[in-house]
Structure formats: C-alpha cells, structure tokens
Amino acid sequence: MAGASDKARFYLERSIPELQEFERKKIFSKVDEITSITKKRSGFEHKLNARGSQPSDYARYVEFEMNLEALRRKRVKRLGIKSSNHSGQRKIFFLLDRATRKFHGDLGLWVQYIEYARKEKANKRLSQIFTNVLRLHPTKPELWMHAARYAADEADMTSARSYMQRGLRFCRMSKALWIEYAKLEMTYVAKIAARRQILGLDGSQPEDRKATEGNELDPDIIALPKLTAEDINPSLREDDELDQVALQNFNSAPALSGAIPLAIFDSAMKQFVNDDSLAEILFDLFAGFEGTPCLPDILQHIIEHMLKTWPTMPSSLSSYSRQPIVGIDPHSAEFPKAFGVSLERITSSAQMAQGKSEFLERVINWLLQLKITGLDAGVQKAISATVRRAIRDYEEAAEQRGGLTKDNSMQMVKKLQNAGYQEDANRLLDKSRERWSIDEQPLDLQRSTTETDSLT
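When we follow the working numbering, the leftmost residue of the sequence shown carries the number 16, and every step to the right adds one.
Next comes the structure, spelled out in structure tokens:
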C-alpha cells in the first residue's frame, strides 16, 4: 500500500499549482471549495493506485474533472478573469490516457476518450487516439465507424474511405459497417450535388440570366448591354471553354455518378449472398437521399439484382413496388402517374409473393408514410383507398397462415392510429376483441383500445 500512497501523493502534488491559481484568482474559495476538490481528488487517486481498481473508477474520476472544468470556465467567464484555459483540459486528457493504458481492453473508456477529444476539437490527439485504439481493437466495427465519421466531418473523405476499407478487411461480416460505408459515400455524393446546384455547376441556368430573359418580354424595361469580364479580358473566353471540358469530365467522375455506392452494394451482396434483408436495408438507405442525380440509376441497379436473385421474396417485391415514387415530391404533377405505376406493381407482386402477408405488411408501412398534409384530394383519396385494400388483403393472407398474432395486431393498430386511419384501426381492434378476450389482450393493446374509444 505504501507504493500506492506514494503514487497518489505524486499525482496530487502535480495539481498544487492549479489549486494555487484557483485561490489566487478567487475562482474557488479556499475554505470550502478547494478543500473539497482536494479531498475528492485524494479519494480518487488512492482508489486508482490501489489494487483492484476498475475502469468505472477512472470513468467517475474523469466525470468529476469534466464537471469541475465546466464550472471553472463558467466562473472565469462570469467574473472576467484571465485564466489558463488548458490546465483542466490537460488533466482530463492525462487521466483518460492513464485509463486507456491500464485498461486498454475497455471500449467504454476509449469511446469516452474519443468523445472528449472531439468535443475539445483536439484533432492531433484524436488522430493519435484512433491510431492506438484501432491497433488494439481492429475487429471492433464501431471504432472504425467512429474514425470514419470523424474524418468525414473534417472533410477528409480520403481518410474516411481508408478507415472504412481497412475496417472491412477485419470485419467483413459486420452488416453495420457495410451499411455505414454506403451511407458515408451516399452522403458525400449528396453534398457534392447540393454544392454544385448552389454554384450553378449542374447545368441549371443562372438566376440572373433567367431574370434577363424574362425582362426582354417586358416593354416597360429597357435592356442595357451587360459588361462582363470577358469583354475586358478576351482571353477568359478560352479559359471558359477549358472550364466546360473540365466540368464534363467532373460530371462523369465516380464520386458523382454513384459508382462508389454501387460498388459497395455489389461487394456487400457477394459477402452476404443469401441475405435479402441487407439489400432491402441498403435500398431504403439510398432511397432517403432524394434529389441526388444518380439515385434512379442506383435504385434500378439494386432492384434488378433483387429481382434476379430473390424474385418472389417480399423484400424484393416491396422495394420494386415502391421504386417508382422514390425521389418524387408527392405535391408534384409527376407523382400521380408514378403512384399509378406503384399500384400496378403492388397488384402484380401480391400474386407472386412468397409470403403475401409479409409483402403487404411492408407495403402498408411505406404507404402510411405518404400521409402528408396538403396533398391533392384525389391523390390522398387514392392513397387511402390503397391502404385500406392492402390492410384487408393483409388480414386475409394472415388468416390463411393461421391468423394475426397479438403482437402483429397491436403493432398494426398503433401504426394505423399514428397515421390517422382511425376507422381501420377500430375495425382491426374489433377483430382483435373477437379473437382474444379483454383479459388476455396485451396491456399496450388495451391502451390503444381505450385511446381509440375515447376518440370515437
């Protein structure tokens, strides 16, 4: 124990200059606050340096120091005191470094270390942390995802891709890592597309040119010749031609054409040959990036693969039925026609689905998401009619397979209530009451019944 006490005393003595600064600048009072801080630190240090210390001891000590540092910063700001802003930060980093060196197998401490470094924007230290933790835990996909997200947030896509690709070498069977990699690349494509649109590099006509063309038709406006930089320096015309060539080359780059997300999907399908659920997850993921120019090509590629590999699976047919309306604004003039194509696909797919009830359940889920305010009355009526028909077909298909389970019935009722289909929810609840007595119903279903009855 003498050794542990000596170590504790050594670390406590290192904090004396900091405590003296607290007293000298009157950030904390000597009698109560500084004495309390010293006692707390002494207790933590003796516990850490004794035998049998746990990672939780370090975590509590770090939490105490973080709260103390937050309080110090607030008082310094309120009192207008010039004080060292890095002493508390250095102490917390030193504690976390001690913790991860002693318990290098505890992922909780590493994540706490990473999150604090990100919060403090200590980029150099954070890079070193990732190097150390990934060397010790290369088979932990969540660490590779942390590192890739950090690199992407710092606009370093090269490093982000490197983290993901290295992580997949060690964690090939991690679906979460494949999904995160696809999300990372699709987010990058969406950002580039949005920036190009803002800068007018996507082929859209600049606003000032549109305004000029509109004014030409107005007899009350006199069009004056516009002086451009090309009139002053004719050599810029040649540079403009070069820029157009560069722009065309940039349009065909893999980062914009969707080649990288497609490559990720193909590689994931080779790794998980018989996993249609992963393909469905990736389809839903990509479908969320509406407005991305390459989205239709990506979705078409996924649908072709799913229909070729799993032609009768509910996941394939549900995605196939949903594809026509993905990326189309429900308020636009194109939506009714696209929704009509989806309806045709739903009808034909329901006849060939292997597991009709599962297919219809998926269809109902994405149809309920189309409950949007402000839609055209005809479109909303068509959506509602489709939902009701799908629910009835779903109930019939479930009855053929032995009937709806309590859990499925309860979940469907909640979904219908949340989407505003109270009449259909009530009808399904009535069937549930006939099938199960009130006493045998799940508590959540009873609450749903009560809520529905109160509304009616």
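Yeah, the Cβ is synthetic: ideal placement off N, Cα and C, and Gly gets one too.
{"Check": "The alpha helix (DSSP H) enclosing N289, as first and last residue numbers", "Outcome": "No alpha helix (DSSP H) contains N289, which DSSP labels as neither H nor E."}
{"Check": "Cβ shell of S30 (< 8 Å), same chain only, five flanking positions each side left out", "Outcome": "R56 and K106"}
{"Check": "Rounded C-alpha distance that separates N433 from T327", "Outcome": "30 Å"}
{"Check": "Cβ neighbours of D21 in the same chain (closer than 8 Å, five flanking residues each side left out)", "Outcome": "none"}
{"Check": "D391 (DSSP reduced to helix, strand or coil)", "Outcome": "coil"}
{"Check": "Inter-stretch contact at 8 Å, needing at least 3 Cβ pairs: the stretch 393-400 / the stretch 360-380", "Outcome": "no"}
{"Check": "D422 (DSSP reduced to helix, strand or coil)", "Outcome": "helix"}
{"Check": "Between the CA atoms of G303 and I318 - distance to the nearest angstrom", "Outcome": "16 Å"}
{"Check": "Sequence ranges, alpha helix (DSSP H) only - wholly within the stretch 162-208, length at least 4", "Outcome": "172-185"}
{"Check": "Assumed close pair L300, Q338 - CB separation to whole angstroms, cut-off 8 Å", "Outcome": "Going by Cβ atoms, the distance from L300 to Q338 rounds to 14 Å, so no, they are not a contact pair."}
{"Check": "Residue-level contact to chain D via CB, E414, 7 Å cutoff", "Outcome": "As a matter of chain content, chain D is missing from the structure shown, which is built from one protein chain."}
{"Check": "The alpha helix (DSSP H) enclosing T146, as first and last residue numbers", "Outcome": "N138 to L151"}
{"Check": "Start-to-end residues for the alpha helix (DSSP H) that takes in I317", "Outcome": "L310 to T324"}
{"Check": "Integer Cβ distance of D291 from S330, believed to fall under 8 Å", "Outcome": "5 Å"}
{"Check": "Start-to-end residues for the alpha helix (DSSP H) that takes in Q127", "Outcome": "L122 to K134"}
{"Check": "Test item: CB-CB of K371 and A412 under 7 Å", "Outcome": "yes"}
{"Check": "Under the three-state DSSP convention, the category E305 falls into", "Outcome": "coil"}
{"Check": "Nearest-angstrom beta carbon gap, A283 and L297 [assumed within contact, 8 Å]", "Outcome": "7 Å"}
{"Check": "At least three beta-carbon pairs within less than 8 Å, the stretch 126-142 to the stretch 85-96", "Outcome": "no"}
{"Check": "DSSP three-state assignment for H119, whether helix, strand or coil", "Outcome": "coil"}
{"Check": "Where K97 falls: helix, strand or coil (DSSP)", "Outcome": "coil"}
{"Check": "D47 - DSSP class collapsed to helix/strand/coil", "Outcome": "helix"}
{"Check": "With 16 other Cβ atoms within 10 Å as the buried cut-off, status of T420", "Outcome": "exposed"}
{"Check": "Beta-carbon separation (whole angstroms), G342 vs E295, contact threshold 8 Å", "Outcome": "That belief does not hold up - the Cβ atoms of G342 and E295 are roughly 17 Å apart, past 8 Å."}
{"Check": "Beta carbon of D47 nearer than 7 Å to that of K62", "Outcome": "no"}
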